[in-house]
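Every number in our numbering is 15 more than the matching position in the sequence shown, counting from 1.
No residue lacks a Cβ here, since even glycine has one placed at the ideal position from N, Cα and C.
Keep in mind that this is a model prediction, so the values were computed, not measured.
One structure is given below, encoded as structure tokens.
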Amino acid sequence: MAKVALIGASGQAGSRILRELSDRGHDVTAIARNPEKIVSLPRVTAVRGDVYDKDGLVTLLKGHDAVISSVHFTASDPELLISAVRDAGVPRYLVVGGAGSLEVAPGKRLVDQPDFPDAYKNEALGGAKFLDRLKALPDINWTFLSPSALFVPGERTGKFRLGKDTLISNESGSSISFEDFAVALVDELENPEHLRQRFTVGY
Numbered sequence: 016m017a018k019v020a021l022i023g024a025s026g027q028a029g030s031r032i033l034r035e036l037s038d039r040g041h042d043v044t045a046i047a048r049n050p051e052k053i054v055s056l057p058r059v060t061a062v063r064g065d066v067y068d069k070d071g072l073v074t075l076l077k078g079h080d081a082v083i084s085s086v087h088f089t090a091s092d093p094e095l096l097i098s099a100v101r102d103a104g105v106p107r108y109l110v111v112g113g114a115g116s117l118e119v120a121p122g123k124r125l126v127d128q129p130d131f132p133d134a135y136k137n138e139a140l141g142g143a144k145f146l147d148r149l150k151a152l153p154d155i156n157w158t159f160l161s162p163s164a165l166f167v168p169g170e171r172t173g174k175f176r177l178g179k180d181t182l183i184s185n186e187s188g189s190s191i192s193f194e195d196f197a198v199a200l201v202d203e204l205e206n207p208e209h210l211r212q213r214f215t216v217g218y
């Protein structure tokens, strides 16, 4: 089992990822600004951490096999996060990405479509910028997992489809639950198939 540091462990996606990691027997350092909001689970140690405190993050991340980042791009500094992972010497970095940078047609991103909600545009563009930054890094084994357009609470079914850079959709639209997203992410942690790549998950 892996020793994993999870940044943003109390959030919507982060809390589901935390439970999935715990259920599979991984040792998790669960990091959040308010650790009292982190659910108490087996093999989980809740600690206080600030995404803007690089030195503090480096101290928290050292000695782990992997770091999972589950924080909003508009509420963090991607360069600081990347630098903290690098300085801590952690060999793997998995990022909860966004759907905005996925393509809906060749060369056409979801975020650039006229009906993309303005409320989510800055976050989507931040995710796209972060992905581009990761692609330029030669020294970190990163993985960026983009959800579907609708990323919401739901059930853990374990039944979903994986893709690369194209938005996954079906007759009901484009969606994935936080719970099934967590399954796909921890699957990737345990059996790496997308090192230095972005992939996506949806129904």
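Would you report the Cα separation of residue 220 and residue 87, rounded to the nearest angstrom? Any question about residue 220 goes unanswered here, given that the chain covers just 16 to 218.
In three-state DSSP terms, what is residue 38? Residue 38: helix per DSSP, three-state reduction.
In the structure shown, what three-state DSSP assignment does residue 137 receive? For residue 137, the three-state secondary structure derived from DSSP is helix.
Kindly list the residues whose CB is nearer than 8 Å to the CB of residue 40, restricted to its own chain and excluding five residues on each side of it in sequence; keep chain order. 16 and 58.
Is it a yes or a no for the stretch 32 to 46 touching the stretch 197 to 216, going by three-plus beta-carbon pairs under 8 Å? Yes: the two stretches touch, three or more of their Cβ pairs being nearer than 8 Å.
Using a Cβ-based criterion (distance less than 7 Å to any ligand heavy atom), does residue 71 qualify as near the ligand NAD? Only the bare structure without any ligand can be found here, which leaves the ligand NAD out of the picture.
Buried or exposed: which applies to residue 187, given that a residue is buried once 16 or more other Cβ atoms fall within 10 Å of its Cβ? With fewer than 16 Cβ atoms within 10 Å of its Cβ, residue 187 is classed as exposed.
Tell me, please, which residues DSSP counts as bridged to residue 18. In the DSSP assignment, residue 18 is bridged to 42.
Using only alpha-carbon positions, find the residue among 53, 144 and 127 that is nearest to residue 89. Just measuring C-alpha positions, the residue of 53, 144 and 127 sitting nearest residue 89 is 144.
Would you mind working out which of 28, 208 and 85 sits nearest residue 168, comparing C-alpha positions? The shortest C-alpha separation from residue 168 is found at 28.
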